[in-house]
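One structure is given here, and the rest of the page talks about it.
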Amino acid sequence: MTKLLKGFDKKIIFNLINFLVNKDLESAIAYFSCNYQKIYDNNDNLCIFYNVVNSCYIFNLFQSSKNRYQLLYWALKGKGYTDSIFHIPINYLCYISLNSINYPSEILIDRLEEWKILYLANEIPFNTKKILASYYIQKDNDDNLFKNHVEASPLYFLRKMQQPNLVDFLKLIEIFPYLSITSKILDYGCGSADLSLLLGKMGFSVSICDIDGGNLNGALKRFSIRGINLENVYKSTPEKPIPIISMKFDLIIALEVVEHVRDPLQLLETFNSSLNNKGIIILGSFPFNSTDDTGDHLIESVSLQNELLKWINTHWIRMPGIQYGNIFRKN
Numbered sequence: 001m002t003k004l005l006k007g008f009d010k011k012i013i014f015n016l017i018n019f020l021v022n023k024d025l026e027s028a029i030a031y032f033s034c035n036y037q038k039i040y041d042n043n044d045n046l047c048i049f050y051n052v053v054n055s056c057y058i059f060n061l062f063q064s065s066k067n068r069y070q071l072l073y074w075a076l077k078g079k080g081y082t083d084s085i086f087h088i089p090i091n092y093l094c095y096i097s098l099n100s101i102n103y104p105s106e107i108l109i110d111r112l113e114e115w116k117i118l119y120l121a122n123e124i125p126f127n128t129k130k131i132l133a134s135y136y137i138q139k140d141n142d143d144n145l146f147k148n149h150v151e152a153s154p155l156y157f158l159r160k161m162q163q164p165n166l167v168d169f170l171k172l173i174e175i176f177p178y179l180s181i182t183s184k185i186l187d188y189g190c191g192s193a194d195l196s197l198l199l200g201k202m203g204f205s206v207s208i209c210d211i212d213g214g215n216l217n218g219a220l221k222r223f224s225i226r227g228i229n230l231e232n233v234y235k236s237t238p239e240k241p242i243p244i245i246s247m248k249f250d251l252i253i254a255l256e257v258v259e260h261v262r263d264p265l266q267l268l269e270t271f272n273s274s275l276n277n278k279g280i281i282i283l284g285s286f287p288f289n290s291t292d293d294t295g296d297h298l299i300e301s302v303s304l305q306n307e308l309l310k311w312i313n314t315h316w317i318r319m320p321g322i323q324y325g326n327i328f329r330k331n
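Residues in the sequence shown are numbered consecutively from 1, following our numbering.
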């Protein structure tokens, strides 16, 4: 056993196990992303690491959590970035990377380096449980909610940069045949803006919307450093959580947005009035799947699941033949 572990990096494996045992999956994602090359380059680290990942405790921990954590679990096992279904999204991640990326194994490094540029940071924060504690509690009014959104933005961006939802790219790819180069596109709740960056780089007219001072700032910097122009920028503020949209769009991307607003019916009305005739909208998992009001999900929205489903089915038509996601066309 001593011979087997002569190159074992105790600190890396100990810290990762500590995050997992304490169920701090956000920190586990960050730590793995920063150190995965050291883990995979060292056979002794890899041997111990696989024993940890293959344990029943770790498997059950990830399986009982959100989808992004389940994706991480398979990434930890060396499968998440090599499944054939993900080769197209990986190519798109390469396409919007800052540097010339040729191999999937380099993507995380590139994206973490970009995060440091965006937030003028030398170190990656790992104690996310402590930092996010107030964010999960103080959401009783829009001032507190938006303040916490802004404070948590660096961590949100970090998660998106290290664990992009590759399935979102597949949703976008499915509606490419319905777009033309003149299509106008709004990425509402753009977050780290991977999809709108891709569309902008492809030559589409792109507008974005997110929380002013928070995620929106990071997204704007990503467009700026690539020299990609935006047609419009819409800012969500405590005074105007759902901004007035001043133009019509052929495609609205609104992934994982509805459960985060206090007036989701107004949000859907805003989307509807901003879509061109036969315009397309890509929605997230809620209200099609149930959720609760933990984290930054709001009870004012999640309690209206049935009303939201009724509104959607009345105003929009689900597009046939779509494999990924909830994609609709305006009546």
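Don't be surprised by glycine CBs; every beta carbon is placed ideally from N, CA and C.
Check: Hey, out of Y92, D168, N144 and L155, whose CA is closest to L112's CA?
Finding: L155
Next item on the list: Please report how far the alpha carbon of S236 lies from the alpha carbon of S180, in whole angstroms.
Entry: 28 Å
Margin query: Beta-carbon within less than 7 Å of Q266's beta-carbon, same chain only, minus the 5 sequence neighbours each way: which residues are those?
Written below: I242
Notebook entry, point to check: L251 and S183: beta carbons closer than 9 Å?
Noted result: yes
Margin query: In the DSSP output, which residue or residues are listed as bridge partners for L268?
Written below: Paired residues: none, contrary to the question.
Margin query: Let me confirm a value: S301 is counted as buried when at least 16 other C-beta atoms fall within 10 Å, else exposed. Which label applies?
Written below: buried
Next item on the list: For K79, I'd like the list of residues in its chain whose CB is within less than 7 Å of its CB, leaving aside the five on either flank, ordered along the chain.
Entry: Unreliable placement is indicated for K79, whose pLDDT of 48 sits below 50; the coordinate value is still reported in the next sentence. So no residue of the chain qualifies.
Note to self: Between which residues of its own chain and N326 is the CB-CB distance below 8 Å, once the five residues before and five after are set aside?
What the structure shows: I282, L283, G284, S285, F288 and R318
Item checked: Stretch-stretch touch, CB-based, cutoff 8 Å, three pairs: the stretch 212-231 with the stretch 251-260 -> no
Item checked: Bounding residues of the alpha helix (DSSP H) (the contiguous stretch that carries S366) -> Past the boundaries of the shown model lies residue 366; the chain is included only from 1 to 331, so the question cannot be answered.
Notebook entry, point to check: Can you give the Cα-Cα distance for L298 and D143, rounded to whole angstroms?
Noted result: 14 Å
Checklist line | Assigned secondary structure, R159 (DSSP; H/G/I helix, E/B strand, else coil) | finding: helix
Item checked: C-alpha gap between K310 and S274, whole angstroms -> 20 Å
Notebook entry, point to check: Cβ atoms of L195 and D168: under 9 Å apart, would you say?
Noted result: yes
Note to self: Less than 8 Å between C-beta atoms, sequence neighbours within five positions excluded: which residues of the same chain meet that for N18?
What the structure shows: none
Notebook entry, point to check: What do you get for S224, buried or exposed, if any count of 16 or more other CB atoms within 10 angstroms of its CB means buried?
Noted result: exposed
Check: Mind checking E239: buried by the 16 CB within 10 Å criterion, or exposed?
Finding: exposed
Next item on the list: Reducing DSSP to helix, strand and coil, say where D187 ends up.
Entry: strand
Next item on the list: Confirm, please, whether the CB-CB distance from R226 to L98 is below 9 Å.
Entry: yes
Check: Between the C-alpha atoms of C94 and I109, what's the straight-line distance to the nearest angstrom?
Finding: 12 Å
Next item on the list: Check whether the Cβ atoms of E259 and M247 sit closer than 9 Å, and answer yes or no.
Entry: no
Next item on the list: Compare the Cα-Cα distances from N141 to each of K171, P320, R262 and L197 and report the closest residue.
Entry: R262
Notebook entry, point to check: Taking DSSP as the reference, what is the three-state secondary structure of V302?
Noted result: helix
Check: Comparing the CB of D142 with every heavy atom of the ligand NAD, is any distance shorter than 8 Å?
Finding: By its list of ligands, the structure shown contains no ligand whatsoever, and the ligand NAD lies outside what it can speak to.
Item checked: C-alpha distance - D83 paired with P164, whole-angstrom precision -> The predicted model places D83 with a pLDDT of 49, which falls under 50 and marks its position as unreliable, so this point remains unresolved.
Checklist line | Status (buried if at least 16 other CB within 10 Å, exposed otherwise) for A152 | finding: buried
Check: With burial defined as no fewer than 16 other Cβ atoms inside 10 Å of the residue's Cβ, what is the status of P320: buried or exposed?
Finding: exposed
Item checked: Whether L186 touches I245 by CB criterion (9 Å) -> yes
Note to self: Here's the rule I'm using: 16 or more other beta-carbon atoms within 10 Å means buried, otherwise exposed. How should T2 be labelled?
What the structure shows: Its pLDDT being 31, under 50, T2 is placed unreliably in this model, and the value from its coordinates should be taken loosely. Exposed: under 16 other Cβ atoms inside 10 Å.
Notebook entry, point to check: Going by Cα to Cα distance, which pick from E114, I173 and K171 is closest to F157?
Noted result: E114
Item checked: Rounded straight-line distance, which links the Cα of D296 to that of G279 -> 29 Å
Next item on the list: Go ahead and label D292 buried or exposed: buried means 16 or more other beta carbons lie within 10 angstroms of its beta carbon, across all protein chains shown.
Entry: exposed
Next item on the list: Would you tell me roughly how many angstroms separate the C-alpha atoms of N277 and N331, rounded to the nearest one?
Entry: 7 Å
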